[in-house]
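Residue numbers (the numbering used here): 21 to 256.
See the structure below:
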């Protein structure tokens, strides 16, 4: 690195990032836990001396990260016991790469579902059903169902009996896990995802490739509807 490169302009922290820091401190100091309500946007704006736009942007970031639930007309509630947030830069990077990950999933997993319908064995179906049972138990327990979701897609991949496609899926496993997390933390999504998985499994069981592809594509279209993709980092 040259001497000139070592001196660069200092990035100015956005106002909503300062609001996030204040909210994090407030939740800890007030002893708030999952299910508790945050002060209203108007109250926060008055107490912090900032615009409601900055408050709204901070709340959106927390929603995107799955830390709060915004209830229409009912306020903002904690979904976890703290507001420990990842750096904004990391969130922006995830937003940037998510569309490519979703495109790759649609291409690969639609084909895997088609092949699974044609090639599956009874052992494959047993693995798919076991994954559904895990996800069902997780959803009924009030969690996101991420482990069951992961097992289900792994079972469909295995049922396709394509070594090369399985290798491709392995190569992007980390990014797929990221997209899974983004999707399942959307309100009401775990139960919806379980129902969609069940339809995919039924089509594979019936050895119906066209129905399997259609069910998988419908599922992945739902996965792509996440709050992160509508978040604009520079709004405020």
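Glycine is no exception: its CB is placed at the ideal position from the N, C-alpha and C atoms. This one's a predicted model, so the numbers in the text were calculated from it and none came from an experiment.
Asked                                                                                                                                                    : Found
For residue 109 and residue 41, I'd like the C-alpha separation in whole angstroms.                                                                      : 15 Å
Can you give the Cα-Cα distance for residue 238 and residue 213, rounded to whole angstroms?                                                             : 10 Å
Starting from residue 86 and walking both ways along the beta strand (DSSP E), at which residues does that stretch end?                                  : Note, residue 86: premise wrong, no beta strand (DSSP E); not H, not E.
For residue 95, list the residues DSSP reports as bridge partners.                                                                                       : 91
Can you grab the Cα-Cα spacing for the pair residue 227 / residue 137, in whole Å?                                                                       : 4 Å
Only counting the same chain, and skipping five residues up and downstream in sequence, which positions put a Cβ closer than 7 Å to that of residue 68?  : 39 and 42
Measuring only the C-alpha atoms, how far is residue 243 from residue 162?                                                                               : 19 Å
Should residue 105 and residue 58 be called a contact, given that it needs their Cβ atoms to be closer than 7 Å?                                         : no
Tell me residue 57's beta-bridge partners as DSSP assigns them.                                                                                          : 97
First and last residue of the alpha helix (DSSP H) that includes residue 192?                                                                            : No alpha helix (DSSP H) holds residue 192; DSSP gives it neither H nor E.
Can you give me the C-alpha to C-alpha distance between residue 102 and residue 194, rounded to a whole angstrom?                                        : 25 Å
Starting from residue 128, follow the alpha helix (DSSP H) in both directions and report where the run begins and ends.                                  : 108 to 139
Less than 7 Å between the beta carbons of residue 165 and residue 151, yes or no?                                                                        : no
Counting Cβ pairs closer than 8 Å, one from the region 125 to 134 and one from the region 183 to 202, do we hit at least three?                          : yes
If you draw a straight line from the alpha carbon of residue 17 to that of residue 55, how long is it in whole angstroms?                                : The chain is shown only over 21 to 256; residue 17 falls outside these bounds and no answer can be derived.
Ordered along the chain, which non-local residues of its own chain (more than five positions away) have a Cβ less than 7 Å from that of residue 78?      : 36, 39, 40 and 43
Closest to residue 204 by CA distance: which of 155, 230 and 183 is it?                                                                                  : 155
So, using beta-carbon positions, are residue 232 and residue 146 closer together than 7 Å?                                                               : no
Do you know whose CA, among 207, 215, 206 and 98, lies nearest residue 52's CA?                                                                          : 98
Counting only the same chain and skipping the five closest in sequence on each side, list residues whose C-beta sits under 8 Å from that of residue 218. : 152
Please report the straight-line C-alpha distance between residue 256 and residue 87, rounded to a whole angstrom.                                        : With a pLDDT of 42 at residue 256, under the threshold of 50, the modelled position of this residue cannot be trusted, and the question is left open.
Among the candidates 64, 174, 62 and 160, whose CA atom is the shortest distance from the CA of residue 129?                                             : 174
Can the beta-carbon of residue 170 be found closer than 7 Å to that of residue 224?                                                                      : no
Whole-angstrom Cβ separation of residue 206 and residue 235, contact assumed at under 8 Å?                                                               : Not confirmed; about 19 Å, so no contact.
How close, in whole Å, do the beta carbons of residue 220 and residue 179 come, if the pair is a contact with beta carbons under 8 Å?                    : The Cβ separation is near 11 Å, so there is no contact.
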